[in-house]
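Trainee: Here the numbering used here is used: the first residue of the sequence shown is 2, the next is one more, and so on.
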Amino acid sequence: MSVKDNPQPPRSRQIANILFLLAGAFLLANLFLPQLFGPSITRVPYSFFIDQVENGNVVAVSLGQDEIRYQLKGDDNQPGQVLSTTPIFDLELPQRLEDKGVEFAATPPPQNRWFTTLLSWVIPPLIFIGIWQFFLSRGAGRGGPQGALSLSKSKAKVYVQDDENKVTFNDVAGVEEAKTELEEIVEFLKSPDRFTAIGARIPKGVLLVGPPGTGKTLMAKAVAGEAGVLFFSISGSEFVELFVGTGAARVRDLFDQAKKKAPCIIFIDELDAIGKSRATGGFYGGNDEREQTLNQLLTEMDGFAVGDATVIVLAATNRPESLDAALLRPGRFDRQVLVDRPDLSGRWKILEIYAGKVKLGSDVDLKAIATQTPGFAGADLANLVNEAALLAARNKRETVSQADFKEAIERVVAGLEKKSRVLNEKEKKIVAYHEVGHALVGAAMSGTAGVAKISIVPRGMAALGYTLQLPTEDRFLKDEGELRGEIATLLGGRAAEEIVFNSITTGASNDLQRATDMAEQMVTTFGMSKVLGPLAYQKDSQNNFLGNGGMMNPRRMVSDETAKAIDDEVKEIVETAHQKALNILKSNHDLLEKIAQQILETEVIEGEELQNILNQVQSVDKVLTAV
Ligand code: ADP
Ligand code: MG
Ligand code: ZN
Numbered sequence: 002m003s004v005k006d007n008p009q010p011p012r013s014r015q016i017a018n019i020l021f022l023l024a025g026a027f028l029l030a031n032l033f034l035p036q037l038f039g040p041s042i043t044r045v046p047y048s049f050f051i052d053q054v055e056n057g058n059v060v061a062v063s064l065g066q067d068e069i070r071y072q073l074k075g076d077d078n079q080p081g082q083v084l085s086t087t088p089i090f091d092l093e094l095p096q097r098l099e100d101k102g103v104e105f106a107a108t109p110p111p112q113n114r115w116f117t118t119l120l121s122w123v124i125p126p127l128i129f130i131g132i133w134q135f136f137l138s139r140g141a142g143r144g145g146p147q148g149a150l151s152l153s154k155s156k157a158k159v160y161v162q163d164d165e166n167k168v169t170f171n172d173v174a175g176v177e178e179a180k181t182e183l184e185e186i187v188e189f190l191k192s193p194d195r196f197t198a199i200g201a202r203i204p205k206g207v208l209l210v211g212p213p214g215t216g217k218t219l220m221a222k223a224v225a226g227e228a229g230v231l232f233f234s235i236s237g238s239e240f241v242e243l244f245v246g247t248g249a250a251r252v253r254d255l256f257d258q259a260k261k262k263a264p265c266i267i268f269i270d271e272l273d274a275i276g277k278s279r280a281t282g283g284f285y286g287g288n289d290e291r292e293q294t295l296n297q298l299l300t301e302m303d304g305f306a307v308g309d310a311t312v313i314v315l316a317a318t319n320r321p322e323s324l325d326a327a328l329l330r331p332g333r334f335d336r337q338v339l340v341d342r343p344d345l346s347g348r349w350k351i352l353e354i355y356a357g358k359v360k361l362g363s364d365v366d367l368k369a370i371a372t373q374t375p376g377f378a379g380a381d382l383a384n385l386v387n388e389a390a391l392l393a394a395r396n397k398r399e400t401v402s403q404a405d406f407k408e409a410i411e412r413v414v415a416g417l418e419k420k421s422r423v424l425n426e427k428e429k430k431i432v433a434y435h436e437v438g439h440a441l442v443g444a445a446m447s448g449t450a451g452v453a454k455i456s457i458v459p460r461g462m463a464a465l466g467y468t469l470q471l472p473t474e475d476r477f478l479k480d481e482g483e484l485r486g487e488i489a490t491l492l493g494g495r496a497a498e499e500i501v502f503n504s505i506t507t508g509a510s511n512d513l514q515r516a517t518d519m520a521e522q523m524v525t526t527f528g529m530s531k532v533l534g535p536l537a538y539q540k541d542s543q544n545n546f547l548g549n550g551g552m553m554n555p556r557r558m559v560s561d562e563t564a565k566a567i568d569d570e571v572k573e574i575v576e577t578a579h580q581k582a583l584n585i586l587k588s589n590h591d592l593l594e595k596i597a598q599q600i601l602e603t604e605v606i607e608g609e610e611l612q613n614i615l616n617q618v619q620s621v622d623k624v625l626t627a628v
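#1: Quick check: the Cα distance between R556 and A327, rounded to an integer number of angstroms?
#2: With which residues is L208 paired in a DSSP beta bridge?
#3: Going by other Cβ atoms of all chains shown within 10 Å of its Cβ, with 16 needed for buried, is R476 buried or exposed?
#4: Here's the rule I'm using: 16 or more other beta-carbon atoms within 10 Å means buried, otherwise exposed. How should G438 be labelled?
#5: Cutting at 7 Å between CB atoms, please list the residues of its own chain near V618, excluding the five before and the five after it.
#6: Report all residues from its chain with a CB closer than 6 Å to the CB of I500; omit the five preceding and five following residues, and keep chain order.
#7: Can you find a heavy atom of ligand 3 that lies under 6 Å from the Cβ of G494?
#8: Which whole-angstrom value is the C-beta distance of A520 and I488, which I expect to be below 8 Å?
#9: Assuming contact is defined by CB atoms lying nearer than 7 Å, are L315 and I266 in contact in what I supplied?
#10: At the level of alpha carbons, what is the spacing between R195 and N296?
#11: Going along the chain, which residues of its own chain have a beta-carbon closer than 7 Å to the beta-carbon of K429, five neighbours each way excluded?
#12: Spatial neighbours of T43 within its chain, please: C-beta separation below 6 Å, excluding the five flanking residues on both sides.
#13: When DSSP labels each residue in this structure, what does A537 get in the three-state scheme?
#14: Who are the Cβ neighbours of K101 in its own chain at under 8 Å, not counting the five residues just before and after it?
#15: The alpha helix (DSSP H) that contains A564, what's its start and end?
#16: From this set, I275, T311, T318, Y434, which residue's C-alpha is nearest L299's C-alpha?
#17: Find the nearest neighbour of D273 within the set L94, G211, A228, judged by alpha-carbon distance.
#18: Quick check on A277: does DSSP put it in helix, strand or coil?
#19: According to DSSP, is D512 helix, strand or coil?
#20: Using beta-carbon positions only, say whether G466 and E436 come within less than 7 Å of one another.
#21: Does A90 pass the burial test, meaning 16 or more other C-beta atoms within 10 Å, or should it be called exposed?
#22: In angstroms, rounded to a whole number, what distance separates the CA positions of K531 and E562?
#23: CB L352 to CB L329, shorter than 7 Å?
#24: Kindly indicate the opening and closing residues of the alpha helix (DSSP H) around A371.
#25: Given G175, which residues of its chain have a CB within under 7 Å of its CB, disregarding the five upstream and five downstream residues?
#26: Determine the burial state of V1: buried for a count of at least 16 other Cβ atoms within 10 Å of its Cβ, exposed for fewer.
#27: What did DSSP end up calling F1 once you bin it into helix, strand or coil?
#28: Residue ranges of each alpha helix (DSSP H) run of no fewer than 4 residues wholly in the region 433-459, ordered along the chain?
#29: Is the distance from the Cβ of V401 to the Cβ of A409 below 7 Å?
#30: Do F170 and A228 come within 7 Å of each other at the CB atom, strictly closer than that value?
#31: Take D67 and list the residues in its own chain whose beta-carbon comes closer than 8 Å to its own, dropping the five residues that flank it on each side.
#32: Starting from V414, trace the beta strand (DSSP E) in both directions and tell me its first and last residue.
#33: May I have the straight-line CA-CA distance separating L491 from I431, to the nearest angstrom?
#34: If you drop the 5 nearest sequence neighbours on each side, which residues of the same chain put their C-beta closer than 8 Å to that of P193?
#35: What's the gap between the Cα of S363 and the Cα of V386?
#36: Which residues mark the beginning and the end of the beta strand (DSSP E) in which F105 is found?
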């Protein structure tokens with residue numbers, strides 16, 4: 002597909018505008034220039050004129066209101082010079098002229114006077130309007146070469162088919178349900194008659210909903226590519242921009258244009274920018290501009306009648322819960338298509354698409370990569386393949402190897418390696434025991450993801466060392482035991498420091514933060530506390546009336562006793578996990594020593610070597626019964 006400009010740039014209006022200004026300038030010039038540059042008539046004082054009359058030098062006088070013109074006697078039949086003077090209030094003048102036998106008459110009023118007056122009233126405002134619009138259009142036309150008077154033109158980009166880089170459903174993977182839904186939309190666009198013949202109503206609006214980077218925008222383009230129709234694309238935020246009152250006009254223009262080009266697709270990306278619930282804005286005083294734009298959108302969507310040309314409105318958002326209910330009712334965006342993060346096989350397919358574009362080594366196992374990347378969206382995976390390819394190129398290798406992918410995943414998950422951050426010997430030792438502590442507790446806990454790597458090479462913004470846990474399968478539910486296990490694993494680092502050094506460093510702050518958050522969620526969100534019961538003490542942040550929990554306390558109003566009980570429970574969970582971690586490490590003390598010494602030498606332990614060591618860890622049950 003290629004992007005083209007707005008198909009009807011308002012060229013003609015622009016030209017009209019320029020002509021208009023030129024005409025104005027021309028008229029003005031006609032009115033004033035003759036006076037400035039016309040044949041000049043010498044102006045003389047009134048007394049001089051009277052002298053000339055008295056001396057009998059004047060033959061004819063034309064008396065005007067603002068000017069008296071008179072002609073002197075010429076020599077030998079030659080007409081004399083014409084002079085002018087400014088009249089004063091002189092009632093005797095006619096008498097004087099008559100006495101001297103001078104021919105005189107009043108100047109007829111200029112024929113075009115009313116016209117001049119009119120023009121002098123009309124033209125200056127017109128010039129100002131012209132200038133004003135010129136500046137407005139410069140402001141509004143930033144998106145494209147649109148000229149004056151184009152203020153309200155929608156800024157939609159139009160994608161037109163061209164076969165080389167057309168996006169099709171083959172370019173989208175891992176979102177099969179969404180694809181099936183949208184294939185139906187393509188059918189509507191290709192042969193609407195089949196549906197209308199039975200009396201079925203073609204859906205007007207389809208809302209793509211899903212987290213960022215899952216391919217919503219890509220899907221919309223694929224729909225256009227498959228259906229082979231025009232595709233108007235505009236982002237919600239572009240409607241509401243710059244000038245108050247233009248958003249609604251843009252919506253109107255966009256739909257007008259689309260109706261002319263039907264069948265076609267209008268794609269509104271990031272719909273939440275205009276479609277936010279009108280109720281939520283109220284707190285700070287609503288946003289009138291956005292509301293008007295939204296209202297116009299609602300009107301337009303109701304606007305096309307049955308039998309109208311097929312215009313389907315696709316929209317995408319990652320915050321469906323914030324949309325105004327009016328947008329979602331039947332007849333508007335009545336279809337919602339979930340574009341979710343891909344599952345294992347979906348990730349595998351997406352990796353196949355992007356791996357096909359780079360040179361792969363023979364050792365690359367895409368399925369293994371897909372397994373290690375739960376939670377990655379399509380965009381993350383595309384990025385991952387690119388990172389791996391960059392790594393291979395940087396190391397001057399011909400093909401991308403599995404090791405490149407492994408490093409790329411670590412980069413995404415844990416950040417860049419920072420070899421430059423040098424730890425002193427004591428710090429290095431602490432980090433080593435800390436990380437091994439995480440690894441041992443993690444290995445002892447059933448259900449937590451497998452420990453894949455321990456490293457004491459600093460990485461990312463803060464991590465001095467890290468223990469990489471990679472899941473072995475996609476998980477959608479976790480039980481209480483697993484969560485407790487994860488909390489214990491998080492506390493394993495600090496527990497190791499306590500046991501080995503008998504002191505505590507600042508290095509565990511991030512672990513503690515995450516452990517406490519998790520424990521709090523167990524109590525307030527998942528209802529996992531026996532004391533507090535299955536109540537949600539946390540408000541759903543989306544239903545929070547500031548939208549994102551912003552400045553408001555996200556917790557439900559609770560009595561002081563309940564607040565205290567929550568605090569006690571959270572503390573209890575974390576403390577229990579802490580004890581568990583301490584117990585595991587105490588009963589595996591030899592192993593802890595051994596691995597720590599080893600990692601101080603090698604800096605990294607991973608793979609089979611690591612698995613062999615971790616298999617020696619006594620499981621948590623044995624530990625618990627032993628204590
Ligand atoms: P969204 O609009 O949902 O935030 P995009 O459609 O903009 O995400 O995705 C960004 C990029 O990520 C796409 O251009 C594409 O390269 C890649 N991508 C995302 N999801 C997929 C997918 N399901 N299949 C293939 N590529 C994808
Ligand atoms: Mg998008
Ligand atoms: Zn830690």
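C-beta atoms are modelled at their ideal positions from N, C-alpha and C, and glycine is treated no differently. Keep in mind that this is a model prediction, so the values were computed, not measured.
Mentor: With the given structure in hand:
#1: Within the sequence shown, numbered from 1, the residue matching residue 556 stands at position 555. Within the sequence shown, numbered from 1, the residue matching residue 327 stands at position 326. Each residue's Cα considered, the two are about 29 Å apart.
#2: The residue given as residue 208 occupies position 207 in the sequence shown. A316, Q337, per the DSSP bridge assignment.
#3: As a first step, residue 476 must be located in the sequence shown, where it is residue number 475. Within a 10 Å sphere around the beta-carbon of R476 sit fewer than 16 other beta-carbons, which makes this residue exposed.
#4: In the sequence shown, counting from the first residue as 1, residue 438 sits at position 437. Its Cβ being crowded by 16 or more others within 10 Å, G438 is buried.
#5: Counting from one through the sequence shown, the residue named residue 618 turns up at place 617. Correct list, in chain order: L441, A444, A445, N589, L592.
#6: Working through the sequence shown from its first residue, we reach residue 500 at position 499. Cβ neighbours of I500 beyond the five flanking positions: L586.
#7: Numbered from 1 along the sequence shown, position 493 holds the residue referred to as residue 494. Because some heavy atom of ligand 3 lies under 6 Å away, the Cβ of G494 counts as near it: yes.
#8: Mapped onto the sequence shown, residue 520 falls at position 519. Mapped onto the sequence shown, residue 488 falls at position 487. Indeed, because the Cβ distance is near 6 Å, the residues count as touching under 8 Å.
#9: For the purposes of this step, residue 315 is identified with residue 314 of the sequence shown, where counting begins at 1. For the purposes of this step, residue 266 is identified with residue 265 of the sequence shown, where counting begins at 1. The Cβ-Cβ distance between L315 and I266 falls below 7 Å.
#10: Taking the sequence shown and counting its residues from 1, one reaches residue 195 at position 194. Taking the sequence shown and counting its residues from 1, one reaches residue 296 at position 295. Rounded to whole angstroms, the gap between the alpha carbons of R195 and N296 is 32 Å.
#11: The residue given as residue 429 occupies position 428 in the sequence shown. I457, L601, listed in sequence order.
#12: Walking along the sequence shown from the start, residue 43 turns up at place 42. These residues qualify, in order along the chain: L84.
#13: Within the sequence shown, residue 537 is the residue found at index 536, counting from 1. Coil.
#14: Mapped onto the sequence shown, residue 101 falls at position 100. Excluding residues within five positions, the ones whose Cβ falls inside 8 Å are V54, E55, G57, V59.
#15: Taking the sequence shown and counting its residues from 1, the one referred to as residue 564 is at position 563. Looking at the DSSP string, the run of the alpha helix (DSSP H) that includes A564 is 561-588.
#16: In the sequence shown, counting from the first residue as 1, residue 299 sits at position 298. Selection I275, T311, T318, Y434 evaluated against L299 yields I275 as nearest (Cα-Cα).
#17: Within the sequence shown, the letter at position 272 stands for residue 273. In this structure, G211 is the residue among L94, G211, A228 with its C-alpha nearest to the C-alpha of D273.
#18: As a working mapping, residue 277 is identified with position 276 in the sequence shown. Inspection of the sequence shows that residue 277 is occupied by Lys rather than by Ala. For K277, the three-state secondary structure derived from DSSP is strand.
#19: Here the question's residue 512 lines up with position 511 in the sequence shown. Residue state, collapsed to three classes: helix.
#20: Locating residue 466 in the sequence shown gives position 465, where the first residue counts as 1. Locating residue 436 in the sequence shown gives position 435, where the first residue counts as 1. Yes, the pair counts as a contact, with Cβ atoms nearer than the cut-off.
#21: As a position in the sequence shown, residue 90 is number 89, starting the count at 1. The sequence shown places Phe at residue 90, rather than the Ala named in the question. By the neighbour-count rule (16 or more Cβ atoms within 10 Å), F90 is not buried but exposed.
#22: Along the sequence shown, one-based indexing puts residue 531 at 530. Along the sequence shown, one-based indexing puts residue 562 at 561. Taking the straight line joining both Cα atoms gives about 16 Å.
#23: The count along the sequence shown starts at 1 and reaches residue 352 at position 351. The count along the sequence shown starts at 1 and reaches residue 329 at position 328. No, these two residues do not count as a Cβ contact at 7 Å.
#24: Taking the sequence shown and counting its residues from 1, the one referred to as residue 371 is at position 370. Here the alpha helix (DSSP H) through A371 covers 367-372.
#25: Position 174 of the sequence shown, counted from the first residue, corresponds to residue 175. Excluding positions up to five away in sequence, the list reads P343, G347, R348, K350, I351, G379.
#26: This structure cannot speak to residue 1, because the chain is shown only from 2 to 628.
#27: Since the first residue shown for the chain is 2 and the last is 628, residue 1 is missing from the structure and cannot be characterised.
#28: Those alpha helix (DSSP H) runs which fall completely within the region 433-459 and span 4+ residues do not exist here.
#29: Taking the first residue of the sequence shown as 1, we reach residue 401 at position 400. Taking the first residue of the sequence shown as 1, we reach residue 409 at position 408. It is not a contact, given that the beta carbons lie outside the stated cut-off.
#30: Taking the first residue of the sequence shown as position 1, residue 228 is located at position 227. Taking the first residue of the sequence shown as position 1, residue 170 is located at position 169. Result no, Cβ atoms of A228 and F170 do not sit closer than 7 Å.
#31: Taking the sequence shown and counting its residues from 1, one reaches residue 67 at position 66. Excluding its 5 nearest sequence neighbours in each direction, D67 has C-beta neighbours in its own chain below 8 Å: T87, P88, listed in chain order.
#32: Within the sequence shown, the letter at position 413 stands for residue 414. Residue range 403-415 is occupied by the alpha helix (DSSP H) that includes V414, with no beta strand (DSSP E) assigned at that position.
#33: Residue 491 sits at position 490 when you count from the first residue of the sequence shown. Residue 431 sits at position 430 when you count from the first residue of the sequence shown. The C-alpha of I431 is placed about 16 Å away from the C-alpha of L491.
#34: The residue you call residue 193 lines up with position 192 of the sequence shown. For P193, the CB contacts under 8 Å within the same chain, skipping 5 residues up- and downstream, are I203, P264, T311 in chain order.
#35: In the sequence shown, residue 363 corresponds to position 362, counting from 1. In the sequence shown, residue 386 corresponds to position 385, counting from 1. Distance from the CA atom of S363 to the CA atom of V386, rounded to whole angstroms, is 15 Å.
#36: The residue you call residue 105 lines up with position 104 of the sequence shown. Residue range 104-107 is occupied by the beta strand (DSSP E) that includes F105.
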